[in-house]
Every structure is written in structure tokens, then in C-alpha cells.
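Its first residue numbered 6, the sequence shown is counted upward by one per residue in my numbering.
The beta carbon of each residue, even a glycine, is placed where N, CA and C say it ideally should be.
Quick caveat: nothing in here was measured; it's all calculated off a predicted structure.
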Amino acid sequence: MTINGRIVYQVFKYSVFALLTINVYVFFSEEVAAVRLEYPDGLVLRDVFRAYAATIDTAAWVVLLLMFELETFVLEDRHFTRSVTWLLTIVRVCCYFFIVSAFTGYIEDAIFVHQVSDLAGVNNVCSLVGQGWSYAITFGEYVEITASNCASFTNLEAFVRLDGLNVIVDEPGMADIKFLAWVDVVNAGVWLLVVLLLEVDVQLQERNRFEGVALYLSTVAKVILYSTLALAVVAWYILGDFEDWWDALLWLIAFVFIELNVFEWREESKQQSA
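So, in C-alpha cells, the structure goes:
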């Protein structure tokens, strides 16, 4: 039996897309747990984008990814009627609204984790058992301190508290949390630049003008941007944040597929012109 390489390629591509969709649920589950602790009095509308930044961001990106897949691979030129073009534009604009809103949520989160104070009079995590305290094991993830787990968090004797929350962490852990918070900000900001560049590429390709200087500048910019995103993957991996580094890796792979779509589209247009 002969295996069709094109079919394998498509199965792999859409498997990556499916895994990214699953990540929406993964991030939602994590953020629901964090919201219960960060907003004990209930969540108000203005805090939704901060509280569920990763969920909203990932969901909007998945829809946007599918829009790029439709426009650069699935749909042919004859399919781009006026109504289809308007529909794609409206969906993309909605996605960008949620992505930018989530980006502001990442910034607010990064600012929030810098609002800490020393926890005086406590030199052992286990002394807080049964008092409603939690330990920040990483950025945005908290575990209730119990008699069975208190000794596993840290062997240090000095702690800081996230202001307004019954959450503590040692100084090295707090440094990692602050770093991860800003990695989120940088990663989200760079992805906004990537998608802006892709929008320009698609518009130029639709007009058969994605050549010469435009192609060169786009390629150079993408090398810089994707390299920055790869560094974020490395940072999350080193600090043991599995969900974030796995999600970031999948997104890099997914957009490699989109870039290949644009490349194939460009080659097909050149052949048709010839």
C-alpha cells in the first residue's frame, strides 16, 4: 500500500490545529481555578479579559488560524465573492479585537505580580496549614497549602505575598513568576506583529505584488519575529511551564503551515502568469 505524502501532510497539519483547539479548554480549566482565588467576591465584566486572558487569546487565535487556512489554502480565487470576503473580514476583525483585549490582560497580569510584600513572621510553609493560604507554583497557578504538600514547595524560610491574595511564594519563585509574566507580554506582542505581517503578505499576494523588496523585507522581519517566539518556547521549557511551552511550540508549527500555504499560493500564481 502506497502512503500519499500529501495526505500525511494534511493529517499532521490538522492534528496540530486540533491540539491547539484542545489547549483552549486546558487554559480555561487553569484560569477557572485561578479566578476562584483571585476574585473571591466574584468576577466583574471589566476584569474578564485579564482573568481569562490565555483562554480568550488562544480561542481567538484558533479562529484566526482557520481564517488564514481558508484564505491561503482551502478557498480558490473563484470563491472570493464579495459576501465571502466581507464575512472573512468581519470574523478577522472580531478575532483581532479579542486578541488585543487579551494582550492588555497580559500586561495587567504582569503589573499585578509586581505588587507583592514581605510576609513577616512566617519562616515555614507548613505553619500556614489550615488557614486558607495557597502557594504559587508558577505564574497563574496556585495550590492550597495542606499538611500533605506543605513541605514539598520550598525549603527556604523567607516568603512574599501577592497583595490582596492569600498566596505566598519564595523569592526565587517570585522572580520566575515575574519573568514568565513578561514573557507572556512579549510573546503576545510579537504574535500581533507576525499576524500583521501575514495580513500584508496575503493582501500583496492577492494583488500579485508579493515580490522583490516586499518579499525580502517580509522574510527578514519574520526571521527576527519567529526567532523571538522560539526564545519564548525555550524560556517556558527551562522554567518547567509545560502548558505554555507546548502551546507556543504548536503555534510555531501551525504558522509554518500558513507560511507554506502562502509560498505555494505564490508559486501557483507565478506559474499561472507564465
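Margin query: In this structure, how does DSSP classify residue 164 when only helix, strand and coil are distinguished?
Written below: Here residue 164 is taken as the residue at index 159 of the sequence shown, counted from 1. Strand at residue 164.
Note to self: Helix, strand or coil, according to DSSP, for residue 122 in the structure here?
What the structure shows: For the purposes of this step, residue 122 is taken as residue 117 along the sequence shown, with counting starting at 1. If DSSP states are grouped into helix, strand and coil, residue 122 belongs with the strands.
Check: Exposed or buried, residue 262, counting other C-beta atoms within 10 Å across all chains shown (16 or more means buried)?
Finding: Against the sequence shown, residue 262 aligns to sequence position 257. By the 10 Å Cβ count, residue 262 comes out buried.
Margin query: Beta-carbon within less than 6 Å of residue 175's beta-carbon, same chain only, minus the 5 sequence neighbours each way: which residues are those?
Written below: On the sequence shown, residue 175 is found 170 positions in, with the first residue counted as 1. The answer, listed in chain order, is 159, 161, 164.
Note to self: Let's test the definition: count the other Cβ atoms within 10 Å of the Cβ of residue 70 and tell me whether it reaches 16, buried, or not, exposed.
What the structure shows: Looking up residue 70 in the sequence shown gives position 65. Its Cβ being crowded by 16 or more others within 10 Å, residue 70 is buried.
Checklist line | As assigned by DSSP and simplified to three states, the class of residue 6 | finding: The residue labelled residue 6 in the question sits at position 1 within the sequence shown. Note that residue 6 scores 44 on pLDDT, short of 50, meaning its location in the model is unreliable and no value can be drawn from it.
Next item on the list: Report yes if the CB atom of residue 42 is closer than 8 Å to the CB atom of residue 147, and no otherwise.
Entry: Here residue 42 is taken as the residue at index 37 of the sequence shown, counted from 1. Here residue 147 is taken as the residue at index 142 of the sequence shown, counted from 1. In contact: residue 42 and residue 147 (Cβ atoms closer than 8 Å).
Margin query: Counting C-beta neighbours from all protein chains within 10 Å, is the total for residue 192 16 or more, i.e. buried, or is it exposed?
Written below: Within the sequence shown, residue 192 is the residue found at index 187, counting from 1. Classification of residue 192: buried, given that the 10 Å Cβ count is 16 or more.
Check: Going straight from the alpha carbon of residue 17 to that of residue 129, what length do you get?
Finding: Locating residue 17 in the sequence shown gives position 12, counting from the first residue. Locating residue 129 in the sequence shown gives position 124, counting from the first residue. Distance between the alpha carbons of residue 17 and residue 129: 49 Å.
Item checked: Close Cβ partners of residue 207 (< 8 Å) along its chain, the five nearest in sequence each way excluded -> Mapped onto the sequence shown, residue 207 falls at position 202. Once the five neighbours on either side are set aside, the close Cβ partners of residue 207 are 73, 76, 77, 267.
Check: Which word fits residue 91, buried or exposed, when buried means at least 16 other C-beta atoms lie within 10 angstroms of its C-beta?
Finding: The count along the sequence shown starts at 1 and reaches residue 91 at position 86. The residue in question, residue 91, is exposed, as its Cβ has fewer than 16 Cβ neighbours within 10 Å.
Check: Can residue 283 and residue 31 be called in contact, C-beta distance under 8 Å?
Finding: No information on residue 283 is available, as it lies outside the stretch 6 to 279 that the chain covers here.
Check: Where residue 81 and residue 211 are concerned, what is the direct C-alpha to C-alpha distance, given to the nearest angstrom?
Finding: Position 76 of the sequence shown holds residue 81. Position 206 of the sequence shown holds residue 211. Rounded to the nearest angstrom, the two C-alpha atoms are 11 Å apart.
Check: What's the C-alpha gap between residue 281 and residue 14?
Finding: In the structure displayed, the chain extends from 6 to 279; residue 281 sits before or after that span and is not available.
Next item on the list: Evaluate the contact criterion for the region 210-230 versus the region 127-143: three or more CB pairs, one atom per stretch, below 8 Å.
Entry: no
Note to self: Once DSSP output is grouped into helix, strand and coil, what is the label at residue 61?
What the structure shows: Translated into the one-based positions of the sequence shown, residue 61 becomes position 56. In this structure, residue 61 counts as helix in the three-state DSSP scheme.
Item checked: residue 186 to residue 135 span [Cα, whole Å] -> The count along the sequence shown starts at 1 and reaches residue 186 at position 181. The count along the sequence shown starts at 1 and reaches residue 135 at position 130. Each residue's alpha carbon lies about 29 Å from the other.
Next item on the list: Tell whether a beta-carbon distance below 8 Å holds between residue 230 and residue 200.
Entry: Position 225 of the sequence shown, counted from the first residue, corresponds to residue 230. Position 195 of the sequence shown, counted from the first residue, corresponds to residue 200. Cβ atoms of residue 230 and residue 200: not closer than 8 Å.
Checklist line | Opposing strand residues paired with residue 141 [DSSP bridges] | finding: Position 136 of the sequence shown, counted from the first residue, corresponds to residue 141. Residue 141 pairs with 147.
Checklist line | Cβ separation of residue 238 and residue 257, assumed to be a contact under 8 Å, to the nearest whole Å | finding: To locate residue 238, count along the sequence shown from 1; it is residue 233. To locate residue 257, count along the sequence shown from 1; it is residue 252. Going by Cβ atoms, the distance from residue 238 to residue 257 rounds to 7 Å, so yes, they are a contact pair.
Item checked: Which listed residue (245, 89, 170, 84) has its alpha carbon closest to that of residue 124 -> Locating residue 124 in the sequence shown gives position 119, counting from the first residue. Measuring from the Cα of residue 124, the nearest candidate turns out to be 170.
Checklist line | residue 49 - DSSP class collapsed to helix/strand/coil | finding: Position 44 of the sequence shown, counted from the start, is the residue given in the question as residue 49. Reduced to three states, the DSSP call for residue 49 is coil.
Notebook entry, point to check: Roughly how many angstroms lie between the CA atoms of residue 151 and residue 127, to the nearest whole one?
Noted result: Your numbering for residue 151 matches position 146 in the sequence shown. Your numbering for residue 127 matches position 122 in the sequence shown. So the two alpha carbons sit approximately 16 Å from each other.
Note to self: Taking DSSP's pairing of strands, which residues face residue 173 in a bridge?
What the structure shows: Mapped onto the sequence shown, residue 173 falls at position 168. The partner list for residue 173 (beta bridge, DSSP) reads 140, 166.
Note to self: Whole angstroms are fine: how far does the CA of residue 61 sit from the CA of residue 225?
What the structure shows: Start at 1 with the first residue of the sequence shown, and residue 225 comes out as number 220. Start at 1 with the first residue of the sequence shown, and residue 61 comes out as number 56. Each residue's alpha carbon lies about 30 Å from the other.
Note to self: Relative to the C-alpha of residue 166, which candidate in 157, 182, 154, 156 has its C-alpha closest?
What the structure shows: Translated into the one-based positions of the sequence shown, residue 166 becomes position 161. The candidate whose alpha carbon is nearest that of residue 166 is 182.
Item checked: Reference residue 221; option with closest CA among 232, 27, 52, 202 -> Reading the sequence shown from its first residue, position 216 is the one you call residue 221. For residue 221, the nearest C-alpha among the options comes from 202.
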